[in-house]
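J.: Take this structure first; my questions come after.
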Amino acid sequence: MTEQHLHPEVMARAREIVALYPHPRSALIPLCHLAQEQDGWLRPEAMAEIAELVGVTAAEVLGTATFYDMLKTEEVGTYVVAVCTNIACMLRGAYELLDHAESTLGTRTGSTTADGVFTLEDAECLADCGRAPCLQVNHRFFGDVTAESFDRLVAELRAGSLDDTVPPHGTLVRIRRDGGLRVDESSLAAERTAAATAMAERAAAAGTDAKAGG
Amino acid sequence: MAVTDAPRIVTSRLDYDDSHTLERYLATGGYEGLRKALTMTPEAVSHEVDAVSLLGRGGAGFPAGRKWSMLRKAPTSYLVVNGDESEPATFKDHLLVERDPHQLVEGIVIAAYALQVTTVFLYIRGEFALGLERATAAVNDAYGHGALGRDIFGSGFSLDVVVHPGAGAYICGEETALLESLEGKRGFPRIKPPYFPAAIGLYGEPTVVNNVETLSNLPWILVHGSEAFTALGEGRSTGTRLFALAGHVQRPGVYEVEMVKTTFRDLIYAPVLGGGIPGGRELKAFIPGGASAPWFGPDQVDLPLGQDEVGNAGSMLGSGSVVVMDDATCSVRAAWRITRFFWRESCGQCTPCREGSGWLEKILRRVEDGQGRESDLELLMDISDNLAPGVSWPPQQTTICVLGSSIPSSIASAIRMFRDEFLLHIKDGACPFGSHGGGSHG
Chain A
1 MTEQHLHPEV
11 MARAREIVAL
21 YPHPRSALIP
31 LCHLAQEQDG
41 WLRPEAMAEI
51 AELVGVTAAE
61 VLGTATFYDM
71 LKTEEVGTYV
81 VAVCTNIACM
91 LRGAYELLDH
101 AESTLGTRTG
111 STTADGVFTL
121 EDAECLADCG
131 RAPCLQVNHR
141 FFGDVTAESF
151 DRLVAELRAG
161 SLDDTVPPHG
171 TLVRIRRDGG
181 LRVDESSLAA
191 ERTAAATAMA
201 ERAAAAGTDA
211 KAGG
Chain B
1001 MAVTDAPRIV
1011 TSRLDYDDSH
1021 TLERYLATGG
1031 YEGLRKALTM
1041 TPEAVSHEVD
1051 AVSLLGRGGA
1061 GFPAGRKWSM
1071 LRKAPTSYLV
1081 VNGDESEPAT
1091 FKDHLLVERD
1101 PHQLVEGIVI
1111 AAYALQVTTV
1121 FLYIRGEFAL
1131 GLERATAAVN
1141 DAYGHGALGR
1151 DIFGSGFSLD
1161 VVVHPGAGAY
1171 ICGEETALLE
1181 SLEGKRGFPR
1191 IKPPYFPAAI
1201 GLYGEPTVVN
1211 NVETLSNLPW
1221 ILVHGSEAFT
1231 ALGEGRSTGT
1241 RLFALAGHVQ
1251 RPGVYEVEMV
1261 KTTFRDLIYA
1271 PVLGGGIPGG
1281 RELKAFIPGG
1291 ASAPWFGPDQ
1301 VDLPLGQDEV
1311 GNAGSMLGSG
1321 SVVVMDDATC
1331 SVRAAWRITR
1341 FFWRESCGQC
1351 TPCREGSGWL
1361 EKILRRVEDG
1371 QGRESDLELL
1381 MDISDNLAPG
1391 VSWPPQQTTI
1401 CVLGSSIPSS
1411 IASAIRMFRD
1421 EFLLHIKDGA
1431 CPFGSHGGGS
1441 HG
């Protein structure tokens, strides 16, 4: 047997995620996020193992992943800086900010700095228009961004002083689900029957009031 | 000005820094609506929601109660929550998920109880990392509190909620595309009919898809009753609604206001709301309901914020976003950027949308760059006509979903309202509003 690409603890989390869904394929996108958490992007080796976990071909994983902006099938920087340029941000100077970002980072939009630290993107509306122009670094929001605050942000990221708020690219949700794994069908059926009985009893006890919603 | 003293239904906790925690939620009446619902029959809860005319807050404005009543009876059915907020300049669900996730969870359990479903998928836009973390924490805490899981509050009703992250695709806000995405596929909208997932939805089973804000209203409705809710607003547009105000205003942000009783003028100019246009500039145009909506001019600023009122005036309240453009805004550039968005987000299934969006974007770009021809106006309208025959409102469709037919809205609006501006670009060979940043990014 060949060596697994996904680490054992990642594989264990992957199996937990698959078990949340009635159909394993539903876990495909969450597992792609998980693989990006391990590698920073979606490596072919990871896609092959995700395919096995959810019961599709590796080509189907690739075909699905390429539809979604957040799933990176090519290597990206440690920090993906996504500057929103959609209408609300554009009206408040987003393209001027993007020009500035290119010159500060020394890279063109859509590419990664030579040291592999920053990837610069021109994003569609990120839904933080109250603080336009806004941007995200690894999907963490920064609003009311000016040229000066952008340069400060880049310096802080380089210095590592934002490590607590901005994890490396790929880490999306740092809180793990810890409650209520799926209730099995037989206990659900029993509970439904018990609930129906209890409800009928309550309705009988309360007379017509219950029917009126009181 | 008519900024009413309507209660804050979905934003009541936002003044607290810890509004997202279970402790704050319980200290401010949290889960009381659910406790009340569980003493009622599911039918009575559905009836209560049907009675208040709760119009869906996602964009289409379909009454939630009617949507629920269409759910086909089957052994397995699902509730899916649409938290994939990506309509340009819409940022209200982002706020609700991040700042009051327990209110959403409570709304979800109330809806699930009324519908008698036992599994809920809470689909949240992937870019909302903090929102996903807050929602996951809220779901964890709700299990611990007995508000989720087996035998909720001793009622015998059991429910599981799975928080599901999206991965960046505007089209997944379309409910059938969202279901495809939730099934682990590309977000291709499904062919209609069936028009509603209530007949054939997730995994082919009957499914109700509700928006985050819609469900966040339920706890208040259960606690205060349907009469208190219908006392607010007018006609079909009852209650309050969140409006995401963006662009050229002093105070962009999300505001909860009473429907119909409040006007666009109130929203844009009232000191406690938008606070007017900065720099002493004048209003040029505003988009009343997301990038898909036809634009309005200053003469329509006194229209009330009501679904039918805005619909009858030739646009839509849509997703509740209002984009304000001042008189220094270039209408060609605004229309170009919105069209560029649709081009980038077209899923590519239907030819008119996939090809048309790109052609329209390129033509608008060349007009903006001073390379346009006079015949371009006719060409823009001709391509638009292929996407939405007649370019009327509401639009006719030539595509599987409404993304394609939404593309002409901004183009037709800009040409109708500011035709001279287009012609000036063409005649002068340059944008009359001067150069902008971002010349290299088109």
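So the sequence lines, in the order shown, correspond to chains A and B.
Here this note's numbering is used: position 51 in the first sequence is 51, and no number is missing along the way.
Here this note's numbering is used: position 422 in the second sequence is 1422, and no number is missing along the way.
Beta carbons: idealized from backbone N, C-alpha and C, even for Gly.
Could you tell me whether the Cβ of residue 1091(B) comes closer than 8 Å to any Cβ of chain A?
T.: yes
J.: Would residue 170(A) count as contacting chain B if we go by Cβ distances under 8 Å?
T.: Interface criterion not met: the Cβ of residue 170(A) is under 8 Å from no Cβ in chain B.
J.: How big is the Cα-Cα spacing for residue 36(A) and residue 166(A)?
T.: 15 Å
J.: Specify the secondary structure class of residue 214(A) as computed by DSSP and reduced to three states.
T.: Reliability fails at residue 214(A), whose pLDDT of 33 lies under 50, so the model's placement of it is uncertain and no value is given.
J.: Compute the Euclidean distance between the alpha carbons of residue 1341(B) and residue 130(A), then round it to the nearest angstrom.
T.: 19 Å
J.: Rounded to whole angstroms, what's the CA-CA distance from residue 1186(B) to residue 24(A)? Just pull it up for me.
T.: 16 Å
J.: Determine which residues of the stretch 1175 to 1192 of chain B have a Cβ less than 8 Å from any Cβ of chain A, and write them out in chain order.
T.: 1181, 1182, 1183, 1184, 1185, 1186, 1187
J.: Report yes if the CB atom of residue 1387(B) is closer than 8 Å to the CB atom of residue 1346(B), and no otherwise.
T.: no
J.: For residue 1352(B) and residue 1296(B), what's the separation of their Cα atoms in angstroms?
T.: 26 Å
J.: Mind pulling the chain A residues with CB within less than 7 Å of residue 1323(B)?
T.: Simply 87, 88.
J.: I want to know whether the stretch 1138 to 1157 of chain B touches the stretch 1058 to 1070 of chain B - three or more CB-CB distances under 8 Å.
T.: no
J.: Could you list the residues in the stretch 1279 to 1291 of chain B with a C-beta less than 9 Å from some C-beta on chain A, going in chain order?
T.: 1287, 1291
J.: Is the Cβ-Cβ distance between residue 1332(B) and residue 1425(B) less than 8 Å?
T.: Annotated as proximal: residue 1332(B) and residue 1425(B), with beta-carbon spacing under 8 Å.
J.: Please state whether DSSP places residue 1217(B) in a helix, a strand or coil.
T.: coil
J.: Measure from the alpha carbon of residue 1171(B) to the alpha carbon of each residue in 1043(B), 1190(B), 1381(B), 1055(B), then state which is nearest.
T.: 1190(B)
J.: Starting from residue 90(A) and walking both ways along the alpha helix (DSSP H), at which residues does that stretch end?
T.: That run of the alpha helix (DSSP H) goes 87 to 90.
J.: On the DSSP bridge list, what partners appear for residue 1237(B)?
T.: 1234(B)
J.: Do you know how far the Cα of residue 146(A) is from the Cα of residue 114(A)?
T.: Roughly 24 Å separates the two Cα atoms.
J.: How would you call residue 1335(B), buried or exposed, if buried means at least 16 neighbouring beta carbons within 10 angstroms?
T.: buried
J.: With residue 1268(B) as the anchor, note down where its alpha helix (DSSP H) starts and where it stops.
T.: 1264 to 1269
J.: Is there a C-beta anywhere in chain B that falls below 8 Å from the one on residue 157(A)?
T.: no
J.: When you compare the CB of residue 135(A) with every CB in chain B, is at least one pair closer than 8 Å?
T.: no
J.: At the 8 Å Cβ level, is residue 1162(B) part of the contact set with chain A, yes or no?
T.: The Cβ of residue 1162(B) sits closer than 8 Å to at least one Cβ of chain A.
J.: Measuring CA to CA, which of 1080(B), 1092(B), 1112(B) is closest to residue 1038(B)?
T.: 1112(B)
J.: Decide if residue 1136(B) is buried, meaning its Cβ has at least 16 other Cβ atoms within 10 Å, or exposed.
T.: buried
J.: Name the chain B residues whose beta carbon is nearer than 7 Å to that of residue 20(A)?
T.: Residues of chain B passing the Cβ test: 1162.
J.: Are the stretch 1247 to 1263 of chain B and the stretch 1084 to 1103 of chain B touching, with three or more C-beta to C-beta distances below 8 Å?
T.: yes
J.: What does residue 1254(B) reach in chain A if we use C-beta pairs closer than 7 Å?
T.: 130
J.: For residue 79(A), count the other beta carbons within 10 Å of its own beta carbon; 16 or more makes it buried, fewer makes it exposed. Which is it?
T.: buried
J.: Could you spell out the range, first to last residue, of the alpha helix (DSSP H) harbouring residue 1413(B)?
T.: 1408 to 1428
J.: Quick one: grab the DSSP three-state call for residue 1255(B).
T.: Residue 1255(B): strand per DSSP, three-state reduction.
J.: Below 7 Å between beta carbons is the criterion; list the residues of the stretch 1340 to 1358 of chain B that meet it against any residue of chain A, in chain order.
T.: 1341, 1344, 1345
J.: Thinking just about the alpha-carbon of each residue, which of 1328(B), 1383(B), 1101(B) is nearest to the one in residue 1355(B)?
T.: 1383(B)
J.: To be precise: take each residue of the stretch 63 to 95 of chain A, compare its Cβ to all Cβ atoms of chain B, and keep it if any distance is under 9 Å. Which residues remain?
T.: 63, 64, 65, 66, 67, 68, 69, 70, 71, 82, 85, 86, 87, 88, 89, 90, 91, 92, 93, 94, 95
J.: Looking at the unbroken alpha helix (DSSP H) that takes in residue 1124(B), where does it start and where does it end?
T.: It is not in any alpha helix (DSSP H) - residue 1124(B) instead sits in the beta strand (DSSP E) that spans 1119 to 1124.
J.: Considering only their Cβ atoms, is the gap separating residue 1162(B) from residue 1121(B) smaller than 8 Å?
T.: Closer than 8 Å, so yes.
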